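Input: a single structure, listed below in structure tokens.
Number of protein chains: 2
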Amino acid sequence: MLHNSHSLTRLVGELKKLPGIGEKSACRLAFHLLRSPANIIALAEALNEVKSRVRFCSVCFSITEDDPCAICRGNRDDSIICVVEEPQDVLAIERSGAFRGKYHVLHGVLSPLSGITPADLKIAQLLERVSNSSIKEVVIATNFSVEGEATAIYLTGLFRNHGVRVTRLAHGIPIGSDLEYIDSATMQRAVQGRSEV
Amino acid sequence: MLHNSHSLTRLVGELKKLPGIGEKSACRLAFHLLRSPANIIALAEALNEVKSRVRFCSVCFSITEDDPCAICRGNRDDSIICVVEEPQDVLAIERSGAFRGKYHVLHGVLSPLSGITPADLKIAQLLERVSNSSIKEVVIATNFSVEGEATAIYLTGLFRNHGVRVTRLAHGIPIGSDLEYIDSATMQRAVQGRSEV
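Residue numbers (our numbering), protein chains in the order written: chain A, 7 to 203; chain B, 7 to 203.
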């Protein structure tokens, strides 16, 4: 309904494609940008820069500007590899500072209903990395969703005869949560996975 | 914390400047864009197009691609002018279809606390329009906020000796709402029920 500006209508249309942004939010963002021309230019430039500079690492398939990425080039433990769904999962694990090995990004999870098969993920490349190097442990860090769990089970099967240890991130109660509000599935896993103190 | 990509960090920084978008949303949007290169280009192009094409109408200061805007050029009632805070308010009133006159966008409201005085708004230009033309009625359609009401009172005082009728959109619009988000039916009642101040 931005009848008097085709280009503004187009911008609203593009903003609406973003996750969590509907018609009204898109309008609001567009008018906000319109009030600050410097921000429009800066955002357009940042988008173009990301488009031209950011690529996927040819080793781990995480995002990077230099190939291979800093983690693959860096002085990290070569014997342990953490398998995640998406590049942002690498950042989440890096923020914890608890993992000193390398990563492998699958770029999705197995989902037969959506037609996503092992060939659509970076699974062949993962197998190649594990076969050709000194990797001793594969930590599967897919999400705890139905698809994530299915992918974890599939990968565990693949590595069964590769002589590597396959582990999964611990299920349990998040730090800072009240026991009272923990869902029963998480509580079940927390009880099953209890450890000696 | 996107340590491995300067340009992605920059994009997240730009997205965070948008209203209602924090660090996590910005990251989510950036990674979403990263997965669809075509959308990155389309959004960057739309931004550049808006920057280069959209300007303010030299008559009413609403947004337009051609100056003067379609409403100012169009076959509308020249004797009545509706004064609004922002360009998006013009769209909100146009959607109701109840107003057939012309518009004047102030680009803000009086706000002594934020240092916004009459000189910062398009008030001189409004006075000039009213003085030099056949305008018989000024409809003040600022928001029903403290600043909007103060601006309405200020404008009413200015026009007292200009021989024009000064009206205000009817209450019927819920107090505290932004004009931008009013449904068309309520907006229609508000235009029809405008009253003498």
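Quick reminder that beta carbons are idealized off the backbone N, C-alpha and C, glycines included.
Since this is a predicted model, take the numbers as computed values, not measurements.
| Cα separation between A/H177 and A/N149? | Here residue 177 of chain A is taken as the residue at index 171 of the first sequence, counted from 1. Here residue 149 of chain A is taken as the residue at index 143 of the first sequence, counted from 1. Cα-Cα distance, rounded: 11 Å.
| field | beta strand (DSSP E) runs contained entirely in the region 137-201 of chain A, provided each spans 3 or more residues | value | 143-146 and 171-174
| If B/L17 and A/A52 are in contact, beta carbons under 8 Å, what's the gap, nearest whole angstrom? | Here the question's residue 17 of chain B lines up with position 11 in the second sequence. Here the question's residue 52 of chain A lines up with position 46 in the first sequence. Contact flag correct, Cβ pair sits at about 4 Å.
| field | Endpoints, alpha helix (DSSP H) assigned at B/K108 | value | Working through the second sequence from its first residue, we reach residue 108 of chain B at position 102. No alpha helix (DSSP H) contains B/K108, which is instead part of the beta strand (DSSP E) from K108 to V111.
| field | Minimum Cβ-Cβ distance from B/E55 to chain A less than 8 Å | value | The count along the second sequence starts at 1 and reaches residue 55 of chain B at position 49. Output row for B/E55: interface = yes.
| message | Looking at chain B, is there any beta carbon in it that lies within less than 8 Å of the beta carbon of A/N228? | response | Any question about residue 228 of chain A goes unanswered here, given that chain A covers just 7 to 203.
| task | Mind listing the chain A neighbours of B/I129? Cutoff is C-beta to C-beta under 7 Å, in chain order. | result | In the second sequence, residue 129 of chain B corresponds to position 123, counting from 1. Result: empty, since nearest Cβ-Cβ is about 18 Å, beyond 7 Å.
| said: Can you tell me whether A/V197 is buried or exposed? The criterion is at least 16 other CB atoms within 10 Å of its CB, across all chains shown. | reply: Residue numbering aside, residue 197 of chain A sits at position 191 when the first sequence is read from its first letter. Label assigned to A/V197: exposed.
| request: For the alpha helix (DSSP H) holding B/V96, just list the boundary residues, first then last. | output: The residue you call residue 96 of chain B lines up with position 90 of the second sequence. Residues P93 to S102.
| Who are the near neighbours of A/A147 in its chain, counting only those whose CB is closer than 7 Å to its CB and skipping five residues on each side? | Along the first sequence, one-based indexing puts residue 147 of chain A at 141. Cβ within range, chain order: C88, V89, V90, D95, I99 and L175.
| said: At the 8 Å Cβ level, is A/T157 part of the contact set with chain B, yes or no? | reply: Position 151 of the first sequence, counted from the first residue, corresponds to residue 157 of chain A. Cβ-Cβ to chain B under 8 Å: no for A/T157.
| query | Under a three-way DSSP split, which group does B/C33 fall into? | reply | Translated into positions along the second sequence, residue 33 of chain B becomes position 27. Helix at B/C33.
| message | Does A/T123 come out as helix, strand or coil in the three-state DSSP assignment? | response | Taking the first sequence and counting its residues from 1, the one referred to as residue 123 of chain A is at position 117. Coil.
| said: Measuring alpha carbon to alpha carbon, tell me which residue in B/V111, B/A156 and B/E155 is nearest B/V65. | reply: Indexing the second sequence from 1 puts residue 65 of chain B at position 59. Ranking the options by Cα distance to B/V65, first place goes to B/V111.
| field | Exposure of B/P93, with buried meaning 16 or more beta-carbon neighbours within 10 Å | value | For the purposes of this step, residue 93 of chain B is taken as residue 87 along the second sequence, with counting starting at 1. Per the 10 Å Cβ criterion, buried.
| said: In the DSSP output, which residue or residues are listed as bridge partners for A/R3? | reply: Nothing about residue 3 of chain A can be read from this structure; chain A reaches only from 7 to 203.
| Would the region 23-35 of chain A and the region 33-40 of chain B be scored as touching if the rule is three or more Cβ pairs under 8 Å? | yes
| field | Contact list for the region 23-36 of chain A against chain B, Cβ threshold 9 Å | value | K23, L24, P25, G26, I27, K30, S31, C33, R34, L35 and A36
| request: Could you tell me whether any Cβ in chain B is nearer than 8 Å to the Cβ of A/T70? | output: Here residue 70 of chain A refers to the residue found at position 64 when the first sequence is read from its first residue. It does; some Cβ of chain B falls within 8 Å.
| task | Enumerate in chain order the residues of its own chain whose CB-to-CB distance from B/D184 is below 8 Å, with the five nearest sequence positions on each side excluded. | result | Taking the second sequence and counting its residues from 1, the one referred to as residue 184 of chain B is at position 178. Excluding residues within five positions, the ones whose Cβ falls inside 8 Å are N149.
| query | Going by DSSP, which residues form a beta bridge with A/R18? | reply | Here the question's residue 18 of chain A lines up with position 12 in the first sequence. Looking at the sequence itself, residue 18 of chain A is Val, so the reference to Arg does not match. In the DSSP output, where bridge partners are listed per residue, A/V18 has none listed.
| Are the C-beta atoms of A/E20 and some chain B residue less than 8 Å apart? | Position 14 of the first sequence, counted from the first residue, corresponds to residue 20 of chain A. Chain B, which has a Cβ nearer than 8 Å to the Cβ of A/E20, makes this yes.
| said: For a contact defined as C-beta to C-beta under 7 Å, what are the partners of A/R79 on chain B? | reply: Start at 1 with the first residue of the first sequence, and residue 79 of chain A comes out as number 73. Per Cβ cutoff of 7 Å: no residues; A/R79 is ~10 Å from chain B at best.
| Neighbour flag for A/S13 against chain B, beta carbons, 8 Å | What you label residue 13 of chain A is simply residue 7 of the first sequence in a count that begins at 1. Cβ-Cβ to chain B under 8 Å: yes for A/S13.
| message | Pull the bridge partners of B/I129 from the DSSP assignment, please. | response | Taking the second sequence and counting its residues from 1, one reaches residue 129 of chain B at position 123. Bridge partners of B/I129: none, in fact.
| Is A/G107 close to chain B, meaning its C-beta is less than 8 Å from at least one C-beta of that chain? | For the purposes of this step, residue 107 of chain A is taken as residue 101 along the first sequence, with counting starting at 1. Chain B contact via Cβ: absent.
| Taking three-plus beta-carbon pairs below 8 Å as touching, is the region 119-136 of chain A in contact with the region 162-169 of chain A? | yes
| Would you call the region 43-57 of chain A and the region 112-130 of chain B in contact, with 3 or more CB pairs under 8 Å? | no
| field | Nearest neighbour of A/V152, chosen from A/K57, A/A104 and A/S117 [CA to CA] | value | Position 146 of the first sequence holds residue 152 of chain A. Of the listed residues, the one whose Cα sits closest to A/V152 is A/S117.
| query | Any residues in the region 84-113 of chain A with a beta carbon nearer than 9 Å to a beta carbon of chain B? Which ones, in chain order? | reply | E92, P93, Q94, V96, L97, E100, R101 and H113
| How is A/V89 classed by DSSP in three states: helix, strand or coil? | In the first sequence, residue 89 of chain A corresponds to position 83, counting from 1. Three-state result, A/V89: strand.
| field | Simplified DSSP state of A/S42, which is helix, strand or coil | value | Taking the first sequence and counting its residues from 1, the one referred to as residue 42 of chain A is at position 36. In this structure, A/S42 counts as coil in the three-state DSSP scheme.
| task | Figure out for me which residue from A/V203, A/L97, A/I181 and A/I188 has the closest Cα to the Cα of B/S11. | result | Counting from one through the second sequence, the residue named residue 11 of chain B turns up at place 5. Per the Cα distances, A/L97.
| task | Give the DSSP-derived three-state secondary structure of B/S13 in the structure shown. | result | As a position in the second sequence, residue 13 of chain B is number 7, starting the count at 1. Helix at B/S13.
| query | In chain D, which residues lie with their C-beta within 9 Å of the C-beta of A/H177? | reply | Reference to chain D is not applicable here, since the protein chains of this structure are A and B.
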